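Student: Could you have a look at this structure, given as structure tokens, before my questions?
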Amino acid sequence: MKTLVESAVDKSNARVEEKLDDFGTPKIMVVGVGGAGCNTVNRLANMGAPGSQLVAVNTDKQHLAIINDELTKILIGKSVTRGLGAGGYPEMGAKAAEVSRGALEEVLSGVDMLFLSAGMGGGTGTGAAPIIAEIAKDQGAIVIAMVTYPFALERARILKAEDGINVLRKVTDTVVVIDNNRLVELVPNLPMQDAFKVADEVVARTVRGITETITQPSLINLDYADVRSIMSSKGLSVIAVGESKSVDKVNEVVEDTLNNALLDVDIGGANGCLIHITGGAELTLGEANAIGEMLTERVDPKASVIWGARVDPTFENKIEVITIFTGVNSPYIHGDGSVTHQSQKVPQRGELRLGYI
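Under the working numbering, the first residue of the sequence shown is numbered 107, with each subsequent residue one higher.
What follows is the structure, given as structure tokens:
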């Protein structure tokens, strides 16, 4: 039976490769905008990101200089900012993007799926990201924005972030929000410099996982058309992540995932769910299926669900689950597209157990 299964997997992978050769792969691009966004794509470049093109966009020439040279780098608004940054002003970031619209249109040409990473609350990310999203949408791409929300103490940045998220929701297919305040809850004992890396790592692993299971042979491949459909929710989305190495890792990774949503939301009302599972060579189809079933029990029965699974030889006796719930509701980011400041503390749910740092 083992030989039969191995043969089936080999043949399945061969069929995937043949299909990709015959019809071509979707062009997937990840664009980091501003300091936070560029840090994320830089981390993704260091991890390796087969199947996607990485682009760093900034108004700060010095920051671009420290980004991996394998990335495409675009310094926008040179005539406006002189390469010195947007000074925390979103309107300056937007103007810089408009000035460099031609260069942005060129690099985004032919893109099928765009992951847009930015920190909300600053100048370049908040101001330029919506312009880049709009350009990509006009060219026919599906646009998934993955943005961070400021810490509660950053009051001036919060107001800018709220405006930025509202604008992004109008020009993207979905906005995935990672709340830095949840990171404080989930990894309270990490040194500050490491805590900031967690959001980068979550976004990087999510993007890498999705792109690899679309473009590379996997245990269970994600279909590009299905991903496009489920991400076209025109709403708010949240990432939930979990990991387990225990004997009861299937149950534990599900519980860990549900407890580690990076935005305070009600997932019960989600209209879509994308599940990505990574495990070692010992990962079975039964385990992957059980994880998917347990996670989807918590969402609307009518929700669209897609899932993919891949084997990573470095994941010995470990399972990692990354789930994106789409069309969710948040206490401070409403379904009508308006954003109000989160006034209540998110309940403590236990530390995030991820080997990201």
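C-beta atoms are modelled at their ideal positions from N, C-alpha and C, and glycine is treated no differently.
Values in this document were obtained by computation on a predicted structure and should not be read as measured data.
Considering Cα atoms alone, identify which of I383, G157, T390, G141 is closest to A171.
Tutor: For A171, the closest of I383, G157, T390, G141 by C-alpha to C-alpha distance is G141.
Student: Jot down the residue ranges of each uninterrupted beta strand (DSSP E) in the segment 182 to 255, minimum 3 residues, whole runs only, in chain order.
Tutor: Listed in chain order, they are 219 to 225, 248 to 255.
Student: Residue range of the alpha helix (DSSP H) that R263 falls in?
Tutor: 261 to 277
Student: Just to confirm before moving on: does the CB-CB distance between V411 and G398 stay below 9 angstroms?
Tutor: yes
Student: By alpha-carbon positions, which one of R261, D218, A242 ends up nearest to L274?
Tutor: A242
Student: Where A192 and G341 are concerned, what is the direct C-alpha to C-alpha distance, given to the nearest angstrom?
Tutor: A192 and G341: Cα-Cα distance of roughly 28 angstroms.
Student: Do you know whose CA, among E307, G228, A415, L289, lies nearest Y195's CA?
Tutor: G228
Student: My assumption, with CB atoms under 8 angstroms, is that V136 sits in contact with L150. Please give the rounded CB distance.
Tutor: 6 angstroms
Student: For D372, count neighbouring Cβ atoms within 10 angstroms of its own Cβ and tell me buried if that reaches 16, exposed if not.
Tutor: exposed
Student: Examine chain C for any beta-carbon lying closer than 9 angstroms to the beta-carbon of A171, and answer yes or no.
Tutor: Absent from the structure is chain C; it holds one protein chain and no more.
Student: Could you pull out every residue in the same chain whose Cβ sits closer than 7 angstroms to the Cβ of G378, ignoring the five residues on either side in sequence?
Tutor: I336, S339, A409, S410, T432, G433
Student: Nearest CA to the CA of T178: which residue from N435, G270, V139?
Tutor: V139
Student: For S267, count neighbouring C-beta atoms within 10 Å of its own C-beta (all shown protein chains included) and say buried if the count is 16 or more, exposed if not.
Tutor: The displayed chain sequence assigns Ala, not Ser, to residue 267. Classification for A267: buried.
Student: Just to confirm the assignment, what range does the beta strand (DSSP E) spanning L170 have?
Tutor: Premise fails: L170 lies in the alpha helix (DSSP H), 167 to 171, not in any beta strand (DSSP E).
Student: Which of the three DSSP states, helix, strand or coil, is assigned to K355?
Tutor: helix
Student: Have a look at L259 and D166 and give me their C-alpha separation to the nearest angstrom.
Tutor: 25 angstroms
Student: DSSP beta-bridge partners for S350?
Tutor: I425
Student: Name the DSSP beta bridge partners of E298, please?
Tutor: For the record, residue 298 in the displayed sequence is Met; it is not Glu. M298 is not bridged to any residue.
Student: Among residues of its own chain, excluding the 5 on either side of R121, which ones have a beta-carbon nearer than 8 angstroms to its beta-carbon?
Tutor: Note that R121 has pLDDT 44, beneath the 50 cutoff, so the model's placement of it is unreliable and no number is given.
Student: Work out the CA separation of E422 and E388 for me, nearest whole Å.
Tutor: E388 and E422 have their C-alpha atoms roughly 8 angstroms apart.
Student: From the DSSP output, which residues share a beta bridge with V372?
Tutor: It is worth fixing the name first, because residue 372 is Asp in this sequence and not Val. BP columns for D372 point to N435.
Student: Evaluate contact between the segment 243 to 262 and the segment 285 to 302, counting only Cβ atoms and requiring at least three cross-stretch pairs below 8 angstroms.
Tutor: Contact between the segment 243 to 262 and the segment 285 to 302 is established, with three or more Cβ pairs separated by less than 8 angstroms.
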